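Residue numbers (our numbering), protein chains in the order written: chain A, 1 to 512; chain B, 1001 to 1338; chain C, 2001 to 2337. Encoded as structure tokens, the structure appears first; notes follow it.
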Amino acid sequence: MDVATDQTPAGPLLALRGISKRFTGIRALDRVDLDVHAGELHVLFGENGAGKSTLINVVSGTFASDEGTMHFGGEEVRHLTPQRARAIGISPVFQEFSLVPSLTVEENLFLGREVTSGGVLHAREMRKRATALIDELGFDLDPSQRVDDLSRAHQQMAEIAKALLGRVRLLILDEPTASLTERETGRLFELIARLKNQDVGLIYVSHRMREIRALADRVTILRDGRHIRTLDAATSTDGELVELMTGRKIDLLYPTIMHKPDKVMVDVENLTLADGSVRDVNFHARAGEITGIAGLVGCGKSELIRAIYGIEPIVSGMVRIDGLPYEFPAPRRSLKHGIAYFPANRVAEGLALSRPIRENASMTVLDLPAFARFGVLRQAAERIKIQGVMEALQLRPPNIERTAGALSGGNRQKVMLGRALTRELTVFLFDEPSVGIDVGAKLEVYEFMKRLVEAGAAVIVVSSELPEVLALSKRLYVMHHGRIAAELADAEKTEQNVLASFFREHLVAEVA
Amino acid sequence: MSTIVTVGAPRGSISLRSIVGRIGFLPALLVALVVGMSAVDPQFYGLINILNILRNASLLAIVACGQALVIVAGGFDLSVGAVVALASVVTAKTMAATAAAFPGNTALIIASGVAAGLGSGLVVGLINGFCVAKLKVSGFVVTLGTMSATAGVGLMITSGIPVYGMPDVFVKGFGRAQLFGLPTAVYAALAVIAVMMFVQRRTLFGRYVYAIGGNVDAAVVSGVSIQRHIVGTYVISSVLAALTGILLTAQVGSGQASFGGDRMMLQSIAAAVIGGVSLRGGVGRVEIVAVSALFLTILGNALNLLHVDSRLQPVFLGIIMVAAVALDEFSRRSKARV
Amino acid sequence: MSDLELSMTSESTIPKKSFPTEWLWRAVLPIALIALLLGFAAVDRSVLSPGNLLNIAQQTSYLALFAMAQTVVILTRGFDLALGPAVSMVSVGTALAMAGATAAGHDPSTVLLAGLGAGFGLGIACGLFNGMVIALLGVNPFVATLGSYNVAIGVATTLSAGRPVQGVPELFSQLFYGGSIFGIPAAISITLVIGLVLHLMLGRTVFGRSLYIIGTNPRAAAVAGLPVKRILIATYVLCSTLAALGAIMMTARTGSGEPNLGGSLSLQAIAGAVVGGTSLAGGRGGVGTAVLGALFVTILSNGMNLTRIDGYIQMVVLGAIVIIGVLLDRLRLERRQ
């Protein structure tokens, strides 16, 4: 990595003024200003959908802004393309990996910037430089390994290495620690400190207070595509940041839930999955309480509930539902057993976006006589039932004939919740229930869970948002590297304990 | 680190399996077929039969290399068979016309004919590439359309009658000639395979074709210009199909609109797919595709020698193709997601 | 409260704006159809003669049937390249079975049943093969049906030894070609009935609903507990069964089992479906789009025949039409988003 140190412009390294961006009628960015200085780490803070990722995509040339100006190193930049952005020293690390799975690490590092003469590649030169870069970063990556053979954490390292290849003046990191372990995170932080010393500017997107405290010089808060305020990290409090982000006091966010633990509804014994993402897991969930599962991205927590529902293959172990063994789970049979699953990725696994809301909400009940007899749909009954359900969930606007694709994230989640109200269910599996939805809708989702639990259902919540699972659950499991690292209840259920259990497990693995 | 420990164990067995799947099974089948046939029928290793196999395999391999490149980039080229026919009649017509205008100037006649033939391929390739890359119509539909249109143009030019009037040198001195005992088509195919191997492994273009087929979004974010390279794959595919058309014309001695056709198109896709080119894009090597073209040609030849009804032969081709893809899908699925 | 109203107005204005253009897009094909007819009529009056119109209707009824079959699988993001060869195979099989039964001295109704049994049996077998390879082995529909394309061609030419199979009884031709219901020729009435049944099936049954959902988002359909594999198999079986019916109707018309009957039908049927506005991306299309597309392709070739446009030029035109049809569809989708 060679870093430009020769010039130190008086003004900010990056200056955005009045940046706006619309996507088919939705205003993703509304006249946003942002300054990033050389040697500064600038945190972008905001909820999902606040415009953070649109903004970093504009800065890195993936999207063109509709209005506004961008200056970089004192010069105005127009018609930015990803290629030009890299050429002038802007390097993004995206959350969705920009790696080609079928190519090797080294081929990915140089993608778009290959060393060539006359269109012919200089493989040896690139190998040399890739090895040098990886050594300098201290990552244990093999440059000749194919990316699809790497773990998620290693892919993240490759992604970071890719961004640091060549002359870097502004590095953009979008939740870079999401899939890293404690030790890898530590190494990344050291690297960031070195880059700051070399006068590299950094834009850092994160939700994690701890990281913001450790790294940030300044924090810019975005909400609904608008620039709310830029604060000095040293003088601002956590409460202030969260309040600005959500536009309301934090303590309003989580409802008080009356847990009444009853019989064990879900009992998992020595469960191991075919892809190794979950190994020898024992856990149980009771009716009348919310059981939380926390852990880093890729720790196996979603795979665990997906396996119970029947969309991840199980190799060994036992699942009992309401005391009875449930073998070879499959979605259709799970629904018949009263188990429902609410996927984290509602676009990929939940909704048929170009179909009406009505069809999306009734997708799971087409086998019930109330909705179809002898394979023929009862359309009038369907319309009345779904209309009632969606009204109860306060779908806005309440027109169930619109396509699901026209809805906001929160309303999409409501359509998914609507499925829960159309048939008899006793076990609810929520996978990252608040991803991609605004605060108001979040609250409604939490209220919905509260009603389910208080009516005696068993609810399991998997979430990467630690405050969320901490606040909602009665008992909390912490998963790490495919295993249960801790089970915490009531008073032990604190952020410190959860983080400690990641760390403890890690030490054990290290010794082994 | 624990991730290394846990991921390391399955990875070893997977790579072993994928090596067997990728490289082992095709040559093994090929060897088994050759050994088996040699034992059953001595006619099989007769010189005439071997030359015949090599000539046909060469023609198929050239088309299949182009097809493979398009599929690696995530597309499809259904028009290759029609381009073979078009290039054949365009070459023959041009030669006949030039011969009438400049009698005796053999070099000019051949050069103009070959240039026109390759040029017709270039035009079809550019149309395909333009429609796919710029107009963003699916490659399947575009090449389905140009297949029909190209075949129509070829028939229109000739009214379906073979075109004669090519110089003797072109037919006897090139098309039917042998160099060191091998037909010229074999050398042409070897040259094409060598160049394409170089393109795939050592050039920017080859690298970008893999990247685009492997993950378009990543390629865009990394600043790879997508459209140019997609147009490039379709152009190469069509030009290689045109080259096959010219070789076929020189060998037969006339330009015919019935060359190539659906059969050549289907075989080129079969060769690519059996040769490990993934229909999901991003994966595939031309040299294995060439081996698979050889395998398919020998298989057809073996069935002939064994007096299997030639009408029944497509059945074998169909089943083998489906089995190859099913196997590929199976190994992909059993590969653990990390 | 004001928040709620705000969101209502901002969200509900989007579909309203696009309504006129949406209607315009839908009207493109019917208008083009009429323009095409009038254009050809300007060159040759006989295009609009009652005889020719009936002829067009009859020709359309075969292609519409195949386009509907193709549409059903395209709805699920698949397609069936083997449709044409399956038609050839069914034609040969039906004729052979009836010729054999006649030679064995069976009575006409048994002969007929033998023919239909063989025809539909071969069709269903082909559909089962396609569906199982695609749904259970996870093979790409393109390769799977390319495989069965080859198999069906092989079977058809082998069974018939490459020659037309004679011995199709008069009763069979009468029933599926010569006859008429309420004065409507058999081919047209059969297609009308099938079209109506299919239309109801797509709109009003769990199976039909599932096709659209699977085509729009197969992963979501599986997570929602729809029996995706079973439905996919059933879809390919339905497609091949419809193709078999079309093959039987065409065999009745030609009066013999033809090993080349299917010829370019796979592509024509895909062209018909796609020109009519069925999306290759899945989840969009229906009986209406299939019939419109088939009508368009038929009128185009009928008009070009009558105005003596070279058959080879017709191939070029058909190729261009397919590309333009899909291009328009893409533009329309973009406009809507």
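Glycine included, C-beta positions come from ideal geometry on N, C-alpha and C. The structure displayed is predicted, hence computed values, not measured ones.
Since residue i sits in a beta bridge, which residues does DSSP pair it with?
i	result
Val-205 (chain A)	A:Leu-44, A:Asp-174
Met-70 (chain A)	A:Leu-16
His-1041 (chain B)	A quick correction: the sequence has Asp, not His, at residue 1041 (chain B). BP columns for Asp-1041 (chain B) are empty, so no partner.
Ser-316 (chain A)	A:Thr-272
Ala-285 (chain A)	A:Val-266
Gln-1178 (chain B)	B:Pro-1183
Label residue i either buried or exposed according to how many other C-beta atoms from any shown protein chain fall within 10 Å of its C-beta, with 16 as the threshold for buried.
i	result
Tyr-2062 (chain C)	buried
Tyr-1045 (chain B)	exposed
Pro-398 (chain A)	exposed
Ile-2181 (chain C)	exposed
Phe-1198 (chain B)	exposed
Ser-2342 (chain C)	Residue 2342 (chain C) cannot be examined here, being either before or after the span of chain C that is shown, 2001 to 2337.
Met-258 (chain A)	exposed
Ser-302 (chain A)	buried
Glu-525 (chain A)	It is not possible to answer for residue 525 (chain A), since the shown part of chain A is limited to 1 through 512.
Out of curiosity, what's the CA-to-CA distance linking residue i and residue j?
i	j	result
Leu-44 (chain A)	Gly-1261 (chain B)	59 Å
Ala-1064 (chain B)	Gly-1275 (chain B)	10 Å
Gly-2208 (chain C)	Ile-400 (chain A)	20 Å
His-122 (chain A)	Asp-224 (chain A)	47 Å
Thr-235 (chain A)	Asp-217 (chain A)	10 Å
Glu-114 (chain A)	Met-126 (chain A)	8 Å
Ser-98 (chain A)	Ile-2153 (chain C)	44 Å
Leu-2006 (chain C)	Glu-465 (chain A)	Per-residue confidence for Leu-2006 (chain C) stands at a pLDDT of 31, beneath the threshold of 50, marking its modelled position as unreliable; the derived number appears in the next sentence. Computed Cα separation, rounded: 30 Å.
Arg-2253 (chain C)	Ile-1053 (chain B)	43 Å
Ile-311 (chain A)	Arg-2219 (chain C)	10 Å
Ala-489 (chain A)	Ala-294 (chain A)	13 Å
Leu-1030 (chain B)	Met-1037 (chain B)	11 Å
Leu-2333 (chain C)	Ser-1331 (chain B)	36 Å
Arg-402 (chain A)	Ala-457 (chain A)	31 Å
Gly-2225 (chain C)	Tyr-309 (chain A)	10 Å
Ile-2213 (chain C)	Ser-1225 (chain B)	34 Å
Gly-522 (chain A)	Val-168 (chain A)	With chain A running from 1 to 512 in the structure shown, residue 522 (chain A) is simply not present.
Asp-322 (chain A)	Gly-482 (chain A)	25 Å
Thr-2235 (chain C)	Gly-2215 (chain C)	12 Å
Would you identify the three-state DSSP class for residue i, choosing helix, strand or coil?
i	result
Ile-293 (chain A)	strand
Lys-21 (chain A)	strand
Gln-145 (chain A)	coil
Pro-398 (chain A)	coil
Thr-2254 (chain C)	helix
Val-266 (chain A)	strand
Gln-95 (chain A)	coil
Leu-2261 (chain C)	coil
Glu-465 (chain A)	coil
His-481 (chain A)	coil
Ile-321 (chain A)	strand
Glu-211 (chain A)	helix
Thr-256 (chain A)	coil
Which residue comes first and which comes last in the beta strand (DSSP E) that contains residue i?
i	result
Asp-232 (chain A)	226-232
Phe-328 (chain A)	Segment: none, Phe-328 (chain A) is in no beta strand (DSSP E) and carries neither H nor E.
Asp-431 (chain A)	427-431
I need the boundaries of the alpha helix (DSSP H) containing residue i, first residue and last residue.
i	result
Ser-53 (chain A)	52-59
Ser-2189 (chain C)	2186-2204
Leu-164 (chain A)	152-164
Thr-1249 (chain B)	1226-1252
Tyr-1208 (chain B)	1204-1214
Is any non-hydrogen atom of the ligand ZN found closer than 7 Å to the C-beta of residue i, if you look at the structure I gave you?
i	result
Arg-451 (chain A)	With respect to the ligand ZN, the structure shown offers nothing to examine, as it has no ligands at all.
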